[in-house]
Amino acid sequence: MALNERRPGSGTLTASVDDRGFLSSTSVTFHDANKDYLIGGYDGNDHWVVFSVPSSLVGEGPHVVSHYDDGLRWAVNVDGVNHFVASGTATVTFDKYRIRVRGTFDFSLEDKRRVVGEFDIANKQAA
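Position one of the sequence shown corresponds to residue 29 (our numbering), numbered consecutively onward.
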């Protein structure tokens, strides 16, 4: 996942699929991409989670964001196989200056499996 290499952050993102942990990452990103914030984690191998939330959210939160089609395609990679998110939510809380985000996610994949996780990520400006 080259996004983490170009826009590295600090923090953690963990995820499980159908109650089996598959990702515990400190290679993370929280990046302002104009109308969306990109949030992701990568283990350096065959596992990652990436999704977006609108940058138009007002206040610190928490904000519950349902899967939407206008942003980055929400996706999960498990054991080297890419899966798109069919539905789900991300709950995010920003710090006052929006250089840090924390929260949880609960996704249903197109193959009907469930991916849940949590994250606490700051962009490099906060490091």
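Note that beta-carbon positions come from the ideal geometry of N, C-alpha and C, so glycine has one too.
Query	Result
Should Glu138 be labelled buried (16 or more other beta-carbon atoms within 10 Å of its own) or exposed?	exposed
Just to confirm my understanding: we take Val78, look at its own chain, exclude 5 residues before and 5 after, and list those with CB closer than 6 Å. What are they?	Gly68 and Ala103
Throw me the rounded Cβ distance for the Gly49 and Ile149 pair, which I believe falls under 8 Å.	With 8 Å as the limit, Gly49 and Ile149 do not qualify as a contact, their Cβ atoms being about 18 Å apart.
Suppose you measure from the CA of Thr119 to the CA of Gly72; what does that come to, to the nearest Å?	25 Å
For Asn32, which residues in the same chain have their Cβ closer than 6 Å to its Cβ, ignoring the five residues on either side in sequence?	Note on Asn32: pLDDT 44, under 50, position unreliable in the model; the coordinate value appears next. Ser55, Thr57 and Tyr70.
Under a Cβ-count criterion, where at least 16 other Cβ atoms within 10 Å of its own Cβ denotes burial, should Ile128 be classed as buried or exposed?	It is worth fixing the name first, because residue 128 is Arg in this sequence and not Ile. Classification for Arg128: buried.
Looking at Ser80: is its Cβ nearer than 7 Å to the Cβ of His95?	no
Could you check whether Gly145 and Ala43 sit closer than 7 Å to each other, using their CB atoms as the reference points?	yes
Check whether the Cβ atoms of Asp64 and Ser83 lie closer than 7 Å to each other.	yes
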